[in-house]
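Chemist: The structure under discussion is supplied below as structure tokens; questions concerning it will follow.
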Amino acid sequence: MASLRLENLSKDYDSVQAVKSLSLDVADGEFIVMLGPSGAGKTTTLKLIAGVVTPTDGKVYIGDRLVNAIEPHKRNVAMAFESYALYPHKNVKQNLAFPLKAPGRKLPAAEIEQRVMGVAEMLNIHMLLDRLPQHLSNGQKQRVALGRAMVREPEVLLLDEPISHLDAKLRHRMRTEFKALETEIHTTTVYVTHDYLEALSLGDRLVVLNEGEIQQTGMPDDVFLNPANVFVSKLLGHPQINLIPCKIFRDGDALQLISLDGAIRMGVPAHLHGAIAAYGGDQLIAGIRPLHMTVVAHGVNGEAGLNQCNGLVYVYERLGTKGVLTAAVGKQQLDVITPIEMSFDYDEAITLGIDTERILLFDPESEKNIQQL
């Protein structure tokens with residue numbers, strides 16, 4: 029195993045800068061998850077680490093070694109892609125053993141057997157060793173592809189969207205298996221995904237990318253609860269966070285946020301007073317996650333006031349174990365997560381409650397979290 033260090037890493041493709049001065053330290057044995065939308069630079073970053081793409085600028089260190097000039101097969105880095113890339117004419121055992129028989133390795137047959145069997149047991153595919161890929165399920169194929177990367181005993185393991193193409197039920201199961209595997213392999217790992225559920229449930233640390241730049245790094249729970257900016261707050265959660273442009277109203281020691289159309293009034297909790305004072309502006313974007321709002325009344329409007337607002341039902345969907353309500357409140361559309369047993373009619377009057385203790389505040393110009401300015 030080894031640590032991984034990226035120093036001001038950049039990659040340009042003609043006029044497109046895919047990765048922009050990216051710096052990151054990954055500790056020996058750490059499992060980090062890199063989250064971002066399509067085009068964020070996630071896969072390019074993995075390819076720069078693996079050496080299959082040459083950086084325009086910057087340095088890659090594995091342990092204490094600067095590896096920029098070292099060929100990919102000599103870096104002791106293994107990469108598993110979204111596609112399984114299994115050899116269709118080789119059985120599972122032969123697919124697992126193939127990297128160990130590549131030119132330059134020439135491991136003894138006994139060691140190859142030991143490694144293959146060890147990985148097969150760890151990934152619970154030991155009963156599949158004689159099968160051809162065409163006789164495997166998608167989940168089994170994914171485990172074989174992962175095993176082929178792990179059997180090399182790499183210093184750094186790179187996983188590029190390894191389960192994104194699986195169905196929802198299988199993705200959930202594979203997330204559980206990856207979490208268990210993480211405690212066993214102790215290999216420095218960079219796991220790339222666009223799925224926020226994977227990002228929050230896996231890994232020791234979360235790295236959020238957008239347009240080739242790191243937006244935030246931290247423990248998954250910390251990033252979810254304290255996003256650095258509007259982009260990060262929108263990326264983590266479905267439905268997305270509600271964002272309400274507001275004016276700051278000061279009444280002595282009390283602070284309120286009033287939506288620009290006047291339809292929503294929220295009291296500012298004491299723990300945010302200092303951040304607003306330091307911010308100094310008179311307008312903010314208030315961020316409220318759908319799970320931090322509740323339905324107070326429906327069928328008739330309740331009493332609108334501080335931390336409660338009236339509106340009309342626009343859309344209601346049942347999604348498995350929860351409901352998602354979209355309500356028109358003034359000029360805003362607000363999403364609310366509801367218990368599955370509730371039901372609503374289109375254009376029905378509704379009153380919503382807001383848990384302002386969970387509110388997030390962003391600067392309208394920079395879109396940064398004012399608590400992190």
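All the letters of the sequence shown, read from the start, carry residue numbers 29 to 401 under my numbering. For every residue, glycine included, the Cβ atom is placed at its ideal position computed from N, Cα and C.
Kindly give me the distance between the Cβ atoms of L74 and S51, rounded to whole angstroms, as I take these residues to be in contact under 8 angstroms.
Modeler: A Cβ-Cβ separation of about 16 angstroms leaves L74 out of contact with S51 under the 8 angstroms criterion.
Chemist: Skipping 5 residues on each side, what residues in its chain have a beta carbon closer than 8 angstroms to that of A306?
Modeler: I398 and L401, listed in sequence order.
Chemist: Can you give the Cα-Cα distance for S49 and K350, rounded to whole angstroms?
Modeler: 41 angstroms
Chemist: Keeping to the same chain, check which residues put their C-beta closer than 6 angstroms to that of A173; ignore five residues upstream and five downstream.
Modeler: A108 and Y112
Chemist: Would you identify the three-state DSSP class for V147, choosing helix, strand or coil?
Modeler: In the structure shown, V147 sits in a helix (DSSP, three-state: H, G or I).
Chemist: Can you tell me where the beta strand (DSSP E) with P367 in it begins and where it stops?
Modeler: Bounds of the beta strand (DSSP E) holding P367 are Q360 to P367.
Chemist: As an exercise, report each continuous alpha helix (DSSP H) stretch of at least 4 residues that is fully enclosed by the region 273-304, in chain order.
Modeler: none
Chemist: Please report how far the alpha carbon of M178 lies from the alpha carbon of V258, in whole angstroms.
Modeler: 37 angstroms
Chemist: Compute the beta-carbon to beta-carbon distance between A355 and L334, rounded to the nearest angstrom, for a pair I have assumed lies under 8 angstroms.
Modeler: Their Cβ separation, rounded to whole angstroms, is 18 angstroms, which puts A355 and L334 out of contact at 8 angstroms.
Chemist: Looking only at its own chain, which residues have a Cβ that is under 6 angstroms from the Cβ of D85, when we skip the five neighbours before and after it?
Modeler: S38
Chemist: Would N123 pass as a contact of L114 if the rule is Cβ separation under 7 angstroms?
Modeler: yes
Chemist: For the alpha helix (DSSP H) that contains Y115, what are its first and last residues?
Modeler: First-last for Y115: undefined, no H or E at that position.
Chemist: From the DSSP output, in three-state form, read off Y374 for me.
Modeler: Assignment of Y374 by DSSP, reduced to helix, strand and coil, places it in the coil class.
Chemist: Could you give the first and the last residue of the continuous beta strand (DSSP E) run that contains D249?
Modeler: In the DSSP assignment, D249 falls outside any beta strand (DSSP E) and within the unbroken alpha helix (DSSP H) covering P248 to L253.
Chemist: Ordered along the chain, which non-local residues of its own chain (more than five positions away) have a Cβ less than 7 angstroms from that of K396?
Modeler: Closer than 7 angstroms at the Cβ level, and outside the excluded window around K396, lie A256, N257 and F390.
Chemist: CB L63 to CB T221, shorter than 7 angstroms?
Modeler: yes
Chemist: Using CA atoms only, rank isn't needed, just tell me which of M202, D195, N166 and Y219 is closest to E189.
Modeler: Y219
Chemist: Going by C-alpha distance, which of C274, F206 and A138 is nearest Q27?
Modeler: Lying before the first or after the last residue shown, residue 27 is absent from the chain, which here runs from 29 to 401.
Chemist: Find the nearest neighbour of V357 within the set P182, G348, N329 and D383, judged by alpha-carbon distance.
Modeler: Per the Cα distances, N329.
Chemist: Which value, in whole angstroms, describes the spacing of the CA atoms of E181 and M29?
Modeler: If you take the alpha carbons of E181 and M29, they lie about 8 angstroms apart.
Chemist: Nearest to G231 by CA position, among Q244, A208 and G240, is which residue?
Modeler: A208
Chemist: In the DSSP assignment, find the unbroken beta strand (DSSP E) run with T216 in it and report its ends.
Modeler: T216 to T221
Chemist: Tell me whether the beta-carbon of T379 lies closer than 7 angstroms to the beta-carbon of V296.
Modeler: Remark: C-beta atoms of T379 and V296 do not approach each other more closely than 7 angstroms.
Chemist: Which residue marks the beginning of the beta strand (DSSP E) containing Q45, and which one marks its end?
Modeler: V44 to V54
Chemist: Start and end of the alpha helix (DSSP H) containing Q122?
Modeler: V120 to A125
Chemist: Distance check for H266 and L300, CA to CA, integer angstroms please.
Modeler: 25 angstroms
Chemist: Of the choices Q168, G309 and E212, whose alpha-carbon is the least far from that of L194?
Modeler: Q168
Chemist: I need the DSSP call for A106, collapsed to helix, strand or coil.
Modeler: strand
Chemist: At the level of alpha carbons, what is the spacing between K118 and P127?
Modeler: 13 angstroms
Chemist: Hey, L288 and M294 are a contact pair by Cβ (cut 8 angstroms); roughly how many whole angstroms apart?
Modeler: Contact flag wrong, Cβ pair sits at about 13 angstroms.
Chemist: Just list the residues that DSSP pairs H326 with in beta bridges.
Modeler: Note: H326 sits in a beta bridge opposite I378.
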